[in-house]
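Chains as they are written, first to last, in the numbering used here: chain A, 18 to 250; chain B, 18 to 250.
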DNA sequence: TCGCGCCACATTGGATCCAATCAACATTTT
DNA sequence: AAAATGTTGATTGGATCCAATGTGGCGCGA
């Protein structure tokens with residue numbers, strides 16, 4: 018079942034097929050399970066148990082742990098084990114503000130370079146997003162949402178910034194998914210995405226930038242509010 | 018010799034002593050050697066050789082590799098090994114612009130919160146920087162420079178942003194060190210640091226922010242120019 | 001002589017085994 | 001009875017061993 022992703026075939030990538038080692042595949046699977054909330058913050062991840070579950074030795078698990086630790090998803094204490102890392106609502110808000118900062122800068126660079134193909138691709142993702150929304154698959158919704166932002170900003174051709182953004186998204190993703198279960202943030206997000214795309218088509222930088230900033234920051238505020246009220250964190 | 022850092026004793030941290038596992042210590046040592054340019058971009062790192070050198074088995078080396086890979090310092094191809102990752106001048110410039118973006122935002126938050134103690138601490142680091150400069154130890158210069166920026170921005174109390182900044186600095190650090198060998202960028206940097214601190218003392222946000230931005234961006238431009246002229250990258 | 005394929009070696013990837021450390025429980029002592 | 005301490009079980013950390021894969025060299029044939 019999890020084996021299906023031992024090789025990630027990304028069709029849009031130009032023939033650069035990448036093979037995953039077992040530790041990398043494990044890390045991918047564990048990452049997904051953490052983001053889905055199957056492993057709660059603070060929970061201990063035991064090497065032996067996971068090794069048994071994935072039917073491999075403990076060593077690939079250990080290497081996967083190192084990777085996840087570097088990504089900030091888990092923390093490991095020597096001779097004590099690995100624990101799903103936690104993050105405070107304030108820190109989540111800070112990450113959203115960082116995202117706003119970086120994405121606005123990227124959009125500024127991207128808008129002048131956008132082509133018709135870019136708009137079409139973005140529109141396509143939005144369609145997919147809407148389809149997924151009606152079926153309540155928020156695991157896919159989160160990654161599609163990230164994909165939309167990434168695609169929208171890709172004309173800026175700033176790989177390093179995109180990379181950093183990916184890291185930030187990774188940190189907040191699990192809380193976003195949780196919130197989606199509780200609120201109706203989908204719908205406003207869908208509308209805002211459409212409006213954002215309209216502004217970009219019109220090359221209206223003056224409006225698009227603050228709009229994007231607001232889109233991100235209000236999403237952040239809503240999420241943090243939900244976190245603080247639920248007290249489950 | 019490298020054993021001296023198996024436990025990192027940071028005296029300013031309040032008694033929170035952290036123990037390093039062998040892989041972590043190895044990663045720290047290898048990271049330093051990469052930043053120092055001992056391992057050139059593209060160069061292959063062989064597990065067996067390093068294991069012999071550090072007198073341990075290959076396994077801790079492999080785990081250290083995973084960590085360094087996640088940090089972006091090396092790339093590993095399955096069944097082919099680990100290679101010191103490279104980075105183009107354009108990407109370096111992008112990272113500097115990202116740094117400018119984030120640091121300016123941080124400074125904006127930091128200035129109103131700065132206390133006398135903060136100014137003193139910064140001034141102290143600047144003194145240390147000057148002392149190190151006269152003795153041409155650029156390995157320490159780089160980390161002290163980062164420490165100054167970190168200390169200057171720490172009143173903002175934005176741990177996540179600082180963390181991201183650390184990652185960005187890691188990427189450009191090795192090129193900064195190389196450039197320092199070639200240019201006289203020390204001196205202007207020292208002056209600019211002093212001036213920046215003066216502006217912060219005066220709480221002159223209007224001047225301090227653009228000044229910091231310029232400080233970072235010109236440093237970036239000079240570095241990139243040096244990179245492109247030397248063609249050693 | 002050049003090109004293709006096969007084979008051996010070197011290197012990485014993964015599994016098993018042993019040692020070190022921690023935590024919890026039981027025992028003893030005050 | 002409470003606290004301190006010893007001891008045992010569980011879990012992680014590290015080393016050695018075996019398997020898989022990639023690379024370079026050699027030979028064979030056109």
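Beta carbons are placed, not taken as given, at the ideal position from N, Cα and C, and that holds for glycine.
Looking only at its chain, what residues have a beta carbon closer than 7 Å to the beta carbon of residue i, apart from the 5 residues adjacent to it on each side?
i, result
"residue 246 (chain B)", "none"
"residue 67 (chain B)", "78"
"residue 213 (chain B)", "225, 228, 229 and 232"
"residue 163 (chain A)", "186"
"residue 192 (chain B)", "109, 240 and 244"
"residue 91 (chain A)", "62, 82, 85, 99, 100, 101 and 102"
"residue 134 (chain B)", "none"
"residue 73 (chain A)", "39"
"residue 188 (chain A)", "89, 104 and 112"
"residue 251 (chain B)", "With chain B running from 18 to 250 in the structure shown, residue 251 (chain B) is simply not present."
"residue 210 (chain A)", "143 and 165"
"residue 156 (chain A)", "53 and 194"
"residue 64 (chain B)", "75, 78 and 79"
Can you tell me whether residue i is buried or exposed? The criterion is at least 16 other CB atoms within 10 Å of its CB, across all chains shown.
i, result
"residue 223 (chain A)", "exposed"
"residue 236 (chain B)", "buried"
"residue 29 (chain A)", "Any reading at residue 29 (chain A) is ruled out, since the residue's pLDDT is 44, under 50, leaving its predicted position unreliable."
"residue 48 (chain B)", "buried"
"residue 69 (chain A)", "exposed"
"residue 105 (chain B)", "exposed"
"residue 183 (chain A)", "exposed"
"residue 175 (chain B)", "buried"
"residue 219 (chain B)", "exposed"
"residue 35 (chain B)", "exposed"
"residue 152 (chain A)", "exposed"
"residue 144 (chain B)", "exposed"
"residue 190 (chain B)", "buried"
"residue 59 (chain B)", "exposed"
Strictly below 7 Å CB to CB, what residues from chain A border residue i?
i, result
"residue 50 (chain B)", "Those do not exist, as residue 50 (chain B) stays about 18 Å from chain A at its closest Cβ, beyond 7 Å."
"residue 122 (chain B)", "118"
Excluding sequence positions up to five away, which residues of its chain have a Cβ less than 6 Å from the Cβ of residue i?
i, result
"residue 26 (chain B)", "Caution is warranted here: a pLDDT of 38 is assigned to residue 26 (chain B), below 50, making its placement in the model unreliable, and the coordinate value is therefore given only provisionally. So the list is empty, once near-sequence residues are dropped."
"residue 127 (chain B)", "170, 172 and 173"
"residue 203 (chain B)", "150"
"residue 44 (chain B)", "81, 84 and 85"
What residues in its chain sit with their C-beta under 8 Å from that of residue i, if we drop five residues either side in the sequence?
i, result
"residue 185 (chain B)", "112, 115, 116 and 119"
"residue 147 (chain A)", "207"
"residue 216 (chain A)", "224, 225 and 228"
"residue 234 (chain B)", "113, 114 and 117"
"residue 142 (chain B)", "161, 164, 165 and 168"
"residue 50 (chain A)", "56"
"residue 181 (chain A)", "119"
"residue 138 (chain A)", "168"
Would the C-beta of residue i count as close to the ligand ZN, meaning under 7 Å from any of its heavy atoms?
i, result
"residue 112 (chain B)", "The ligand ZN is absent from the structure shown, which contains no ligands of any kind."
Given that residue i touches chain B, what residues does it touch there, using C-beta distances under 9 Å?
i, result
"residue 58 (chain A)", "By Cβ distance, chain B contributes nothing, its closest Cβ being about 16 Å from residue 58 (chain A), past 9 Å."
"residue 36 (chain A)", "94, 95 and 96"
Strictly below 7 Å CB to CB, what residues from chain B border residue i?
i, result
"residue 80 (chain A)", "79, 80 and 83"
"residue 87 (chain A)", "84, 87 and 88"
Could you list which residues in chain A have their beta carbon closer than 8 Å to that of residue i, in chain order?
i, result
"residue 40 (chain B)", "83"
Anything in chain B within Cβ reach of residue i, meaning under 8 Å, just list it in chain order.
i, result
"residue 220 (chain A)", "Here the premise fails: no neighbours, minimum Cβ distance about 22 Å."
Report the residues of the segment 92-118 of chain A with a CB closer than 7 Å to any CB of chain B, ordered along the chain.
95, 108, 111, 112, 115 and 118
Does the segment 169-182 of chain B come into contact with the segment 92-109 of chain B, if we say contact requires no fewer than three beta-carbon pairs (one atom in each stretch) closer than 8 Å?
no
What are the residues in the segment 176-209 of chain B lying within 9 Å of chain A by C-beta distance?
Interface annotation for the segment 176-209 of chain B against chain A: 176, 177, 178, 180, 181, 184, 185 and 188, criterion Cβ-Cβ distance under 9 Å.
For the segment 121-137 of chain A and the segment 70-84 of chain A, state whether three or more C-beta atom pairs, one from each stretch, are separated by less than 8 Å.
no
To be precise: take each residue of the segment 157-174 of chain A, compare its Cβ to all Cβ atoms of chain B, and keep it if any distance is under 7 Å. Which residues remain?
none
Looking at chain A, which residues of the segment 229-242 of chain B have a Cβ within less than 8 Å of any of its Cβ atoms?
none
If contact means a Cβ-Cβ distance below 9 Å, which residues of the segment 59-77 of chain A contact chain B?
The residues in question are 76.
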